[in-house]
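Chains as they are written, first to last, in our numbering: chain E, 5 to 240; chain A, 5 to 240; chain S, 5 to 240; chain U, 5 to 240; chain D, 5 to 240; chain G, 5 to 240.
Every residue, glycine too, gets a C-beta built ideally from N, C-alpha and C.
These notes concern the structure reproduced below.
There are 6 protein chains.
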Amino acid sequence: MRERAPDQLRDITLVPGFAKHAEGSCLVKCGDTHVLVTASLEETTPSFLRGSGKGWVTAEYGMLPRATNTRMRREAAAGKQSGRTQEIQRLIGRSLRAVVDLAALGERQIIIDCDVLQADGGTRTASITGGYVALAQAVKFMKMTGAVTKPVLKDHVAAISCGIVAGKPVLDLDYSEDSTALTDANFVMTGAGGLVEIQGTAEGAPFSDEEFATLLGLARKGIGELVAKQKEALGE
Amino acid sequence: MRERAPDQLRDITLVPGFAKHAEGSCLVKCGDTHVLVTASLEETTPSFLRGSGKGWVTAEYGMLPRATNTRMRREAAAGKQSGRTQEIQRLIGRSLRAVVDLAALGERQIIIDCDVLQADGGTRTASITGGYVALAQAVKFMKMTGAVTKPVLKDHVAAISCGIVAGKPVLDLDYSEDSTALTDANFVMTGAGGLVEIQGTAEGAPFSDEEFATLLGLARKGIGELVAKQKEALGE
Amino acid sequence: MRERAPDQLRDITLVPGFAKHAEGSCLVKCGDTHVLVTASLEETTPSFLRGSGKGWVTAEYGMLPRATNTRMRREAAAGKQSGRTQEIQRLIGRSLRAVVDLAALGERQIIIDCDVLQADGGTRTASITGGYVALAQAVKFMKMTGAVTKPVLKDHVAAISCGIVAGKPVLDLDYSEDSTALTDANFVMTGAGGLVEIQGTAEGAPFSDEEFATLLGLARKGIGELVAKQKEALGE
Amino acid sequence: MRERAPDQLRDITLVPGFAKHAEGSCLVKCGDTHVLVTASLEETTPSFLRGSGKGWVTAEYGMLPRATNTRMRREAAAGKQSGRTQEIQRLIGRSLRAVVDLAALGERQIIIDCDVLQADGGTRTASITGGYVALAQAVKFMKMTGAVTKPVLKDHVAAISCGIVAGKPVLDLDYSEDSTALTDANFVMTGAGGLVEIQGTAEGAPFSDEEFATLLGLARKGIGELVAKQKEALGE
Amino acid sequence: MRERAPDQLRDITLVPGFAKHAEGSCLVKCGDTHVLVTASLEETTPSFLRGSGKGWVTAEYGMLPRATNTRMRREAAAGKQSGRTQEIQRLIGRSLRAVVDLAALGERQIIIDCDVLQADGGTRTASITGGYVALAQAVKFMKMTGAVTKPVLKDHVAAISCGIVAGKPVLDLDYSEDSTALTDANFVMTGAGGLVEIQGTAEGAPFSDEEFATLLGLARKGIGELVAKQKEALGE
Amino acid sequence: MRERAPDQLRDITLVPGFAKHAEGSCLVKCGDTHVLVTASLEETTPSFLRGSGKGWVTAEYGMLPRATNTRMRREAAAGKQSGRTQEIQRLIGRSLRAVVDLAALGERQIIIDCDVLQADGGTRTASITGGYVALAQAVKFMKMTGAVTKPVLKDHVAAISCGIVAGKPVLDLDYSEDSTALTDANFVMTGAGGLVEIQGTAEGAPFSDEEFATLLGLARKGIGELVAKQKEALGE
């Protein structure tokens, strides 16, 4: 039973610098969803960008086998990443690149690793929100070492899910809400409120333009709060 | 250079029954994008549905290596399907299931194979539009053989892409438009106009709610025309 | 029931230039067997030929999952090509290279992709016969662009199957004949009638020298007709 | 520079019940080495034990890509587990099974997942020490539910590494010590002091029986302390 | 330089019972080509034959990495069998099945493993010739245990290569001959002289019907001698 | 039933130069365990050593499918090497490198392939003992060709297993002893008696320091005899 208001986020904690070795990192907790994100700086750009003067930001995503209620097979043991995993890591990379000036980054690559320690819905959106914090730390590191001189980040970026649960539009679904939602949508937006990515899916009956507009409104509110949390965590 | 009006579809051809062996099939041509879709009926349902009385519809997607301007490596030779391929086939399956009464289908599976013979943008939306035709043929086949007695299909479903190209919202992007679009969105809707899936991505700058609403309007017009084409092809 | 004479080919159609993007292509129809062949030119030769001044011609082969009466698992999804697929693509490559002057080709590679859209027996021989047409188109393209100046093709090459069905030697087996043939042989020959490849297999009882000689005679007649079709298609 | 005495362990923290979903879990911190261990109960035994009345305990091991100073390739993306990973997970499983009464467990399986969040040497021994705690929790869970009635655990089990660093035998190597050790050994012992597993390797010059005996003595002291920590964590 | 007559086999040794554990085995030496063949009896037939009353004979083939002059990558390490390996093992299985009464074998499977210890040309034909001996031993074993009562083997089967080397047709090519042969053919025949498999390939110029007939004649002579060796080895 | 004395090795045969093509080779027979080892010289060092002036020695291990009493699946067909295989080949490589002066070897690599033709316990230790002989032959070959001028091998190295069987410590376990041993240990030592690797495992009850010391004493005796056999085989 949801005890939050329909437009209320779960408790959010962002712990920057959680990992000792990485250039940037963040432990994100959105309720019982816990994701450890690291940003690793590599001094080469992917081959398709060599000589372009541009860098790249990419993401990988994984879940510990018992992050979920029932143990899932370890992808390394299965010998491949599932379609779901690949879809999520493509989304995270695309979302973060939307606020990066790849030319200012230079011919480098930042790899964002998002590993879900515990899952309770919304792991992909938590990864994006926390991924921004880890990325910002890595950029700060590069500034300190003089590797970059121009601003690399054009804006904040954060993400949230919304859905229609038991006939009512709600913000930030946990796992039990996600499982019963008739419509489920993920939104990625910048700090300035620009849309970066929209993914809406009818799990049951098709949805209407009006329902979708309501979800978009909820997301806009939630993402505003998440960006405020990011600023606080980064001391901006 | 686009010679069509901004809200005009490319020429569409739907050829049902194109394949000799399959229970349902359709060759879809959307301009220079040609996809061969087959629907294969199998008399077992996936293991997670055994004993539930319900069936399943799933999709697989592939591109011939030289469907594109530059030859791409054959996925069978590479030993795995790319993340893009998996993302697309999950989308196609989800979209078609949205109009299927899985209980009326019974403990069977229909596999929709979408193979791109020639690509010029919009292969995933063409696969959905043509996939519906192949699926409808397979359902007709099952009715004839008495395998199903209740209606299996709840509505039509079709899909189209829209985008903002050179600052202008346009319907049904070909490859050169898709490559230069700042915002790119795929829409899946039912015959009754219900939304099944929305995927919008900012390739360049973020987009606004208003821009997105315009794209949605264009899609609604286009999908209406596609559903009409489906009805014509199926002789409804 | 075979309605053709024992030494009669199925209806053959060769459609050169079927694919928009490839340097050479051909849709081959031998009765109900339909193969789409493309020839892709790449400006690098395999590593074992670097610095030799010679080029290479190689082939890849695939079947759409529902090209056959019963759906077969997609090789890209299975994660590997079957032994049968590899055997066939090695045969196609070897057969086409038999008529190519690799030095005249120069340090380039032509990849012949043979994708079976619909199968009714004889897909490997149809791939060779149509592969020659796609290859010839690609060579013509290279001549036009000045990439090659000396003749690259030394002769035509085509292929056909023969077998002993219900005790009688017949030419060009369709699937039902192939399934019941006691002896089954594939022959590859040049336009001048030289033998390039012979593969004969006893599916039931062993066969005699005389039986084999009869099959070779049938093949010689059929390949002569196929070469004539190739010349016609290429406007020679 | 080592600031601990040669026979002193790093600071150890064992946090049982760290993971929400698992039947047993433990976060182990040995200095800067942090491993999250979960114990998952499955109600089937592996096929080689079906009908034997016995259960099984097995382990899987993984490292987050940036657990280390330099990012390592994600094994799920690489498509296979390295030889090192497999060796480690076989060792963990074997060590834990040494104190389990498989008949008392019954035809069930407990999977111990050890995921290294941060690495600074000794990840495999930390996994065993923490693995015991997670396993003991899962056994307690089974007792509560009545799934088992007889004692399943015969004793404690814990592990530690020792080595000869700069000519001196020391207990509990961190990464920098491990990298420079001439001899490196891992010891697994029970609470009663019985030897379960010994693995000693000469990284530089061969070692003598006396040197090895000294390492064994250090390990005995360290494992005694680790077992005391386990008891404290489990409230025994 | 060949020191044998053109129609002379290399020295052949067949050592039945070479392997301790297998139901049948044979070490075959054809000159410097040494193959260890084992026949393993399994009491289940492949799934496509369950309930048919029939058994199966299949083959696997491998080469030790340094069986050849230059070390080749181990296929187990590469993670897959090459196309060449699969082609060879399919040929061996087909050839042996040609003389097996699968109904008399009953619902069992015999797996013929052919592992090349040392290679000097003709490994696939040596595998067939030696494979027959291992198979015959396994059949004898089944007779002794009463597992089969009717004759399982209908005839002998053996294989040899021939080729045109330096303009001259020769029997039983070693590696240096095989590398320079313009035409290269493998023949499989029964003890009664029936043809089971013919594979002829033009490595250089195409070959004529007459050349091919000469090679067939050579093969017939060589296979006669091989069958005599098999009988001697089996004490028939 | 063991007919040897508790401290007696099985009959050992070392046949250097068994393989025609390799720079070094040895067929090792320890009772019914037969391993064919080859040493292949490659004129490049692994990438992590490029420019260091140092070479590398590595090992690969495999078993013929029917080396064992029950046929095991071919690893090349399974598509990967088991954890056991990888563990063994890592041990063999580490053990041999312990006596190699990698700088004296220069930027080259020697690959030791150990293929078990027949297994009856102790295949990994036999591989090390025989691997040294093959390696020594390859080093001799390099001296002859002038590739190396300084001594490459610092000492001999050999290996043996010991265990506690039916309550009694014994040397050199065969398969039936290994299966019933309560404690099982592998030891690798140099000719001078230095310890290179120790691996002890409690298969049943934990073992004591004293028991382990007894096994170490047995191993020391056995390895002394194996080193004498190596010297004899190499004519030292």
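On a CA-only basis, which of the options is nearest residue i? Give me that one, please.
i                : options                               : result
Val137 (chain A) : A:Ser56, A:Leu157, A:Gln122, A:Asp124 : A:Leu157
Ser29 (chain A)  : A:Thr187, A:Gly221, A:Gly134          : A:Gly134
Met148 (chain S) : S:Pro20, S:Glu27, S:Met5              : S:Glu27
Lys235 (chain S) : S:Ala9, S:Thr17, S:Leu13, S:Arg6      : S:Thr17
Leu230 (chain D) : D:Val32, D:Thr72, D:Gly87             : D:Val32
Trp60 (chain U)  : U:Pro20, U:Leu106, U:Glu91, U:Glu214  : U:Leu106
Leu139 (chain A) : A:Ala123, A:His160, A:Thr127          : A:His160
Phe52 (chain D)  : D:Arg112, D:Ser44, D:Pro20            : D:Arg112
Gln93 (chain S)  : A:Arg78, A:Gln93, A:Gln90             : A:Arg78
Ile2 (chain S)   : S:Glu207, S:Asp15, S:Arg128, S:Thr89  : The structure shown has nothing for residue 2 (chain S), since chain S only spans 5 to 240.
Gly125 (chain S) : S:Tyr179, S:Asn73, S:Ala170, S:Gly87  : S:Tyr179
Gly226 (chain A) : A:Ala185, A:Asp188, A:Cys166          : A:Cys166
Gly21 (chain A)  : A:Ala196, A:Ala102, A:Val143          : A:Val143
His38 (chain S)  : A:Val103, A:His25, A:Lys172           : A:His25
In three-state terms, what does DSSP make of residue i?
i                : result
Gln203 (chain D) : strand
Gln90 (chain D)  : helix
Met146 (chain D) : helix
Glu236 (chain G) : helix
Val231 (chain S) : helix
Leu175 (chain D) : strand
Val137 (chain A) : helix
Gly28 (chain U)  : strand
Asp182 (chain U) : helix
Gly208 (chain D) : coil
Ala37 (chain E)  : Checking the displayed sequence, the identity of residue 37 (chain E) turns out to be Thr instead of Ala. In this structure, Thr37 (chain E) counts as strand in the three-state DSSP scheme.
Ala63 (chain U)  : strand
For residue i, decide whether its Cβ has a neighbour in chain D, counting only Cβ atoms nearer than 8 Å.
i                : result
Gly110 (chain S) : no
Asp119 (chain G) : yes
Arg75 (chain S)  : no
Answer with yes or no whether the minimum CB distance from residue i to chain S is below 8 Å.
i                : result
Glu79 (chain A)  : yes
Leu157 (chain D) : no
Ile115 (chain A) : yes
Gln1 (chain A)   : Nothing in the structure corresponds to residue 1 (chain A), since chain A is present only between 5 and 240.
Is it the case that the Cβ atoms of residue i and residue j are separated by a distance below 8 Å?
i                : j                : result
Ser131 (chain D) : Val41 (chain D)  : yes
Leu220 (chain A) : Phe191 (chain A) : yes
Leu177 (chain A) : Asp11 (chain A)  : no
Gln122 (chain A) : Ala71 (chain A)  : yes
Does residue i get closer than 8 Å to chain A when you measure Cβ to Cβ?
i                : result
Gly66 (chain S)  : yes
Leu220 (chain E) : yes
Quick one: is residue i near chain U, going by C-beta distance under 8 Å?
i                : result
Pro20 (chain E)  : no
Thr271 (chain G) : Past the edges of chain G, shown from 5 to 240, lies residue 271 (chain G), and the structure says nothing about it.
Counting only beta-carbon separations shorter than 8 Å, does residue i have a partner in chain G?
i                : result
Glu214 (chain U) : no
Gln203 (chain U) : yes
Check the Cβ-Cβ distances between residue i and every residue of chain E, and say whether any is below 8 Å.
i                : result
Ala209 (chain A) : yes
Gly87 (chain U)  : no
Inset, instruction - Determine contact between the stretch 118 to 130 of chain D and the stretch 208 to 222 of chain D, defined as no fewer than three beta-carbon pairs at a distance below 8 Å. - result: Flag = no, the stretch 118 to 130 of chain D and the stretch 208 to 222 of chain D do not touch.
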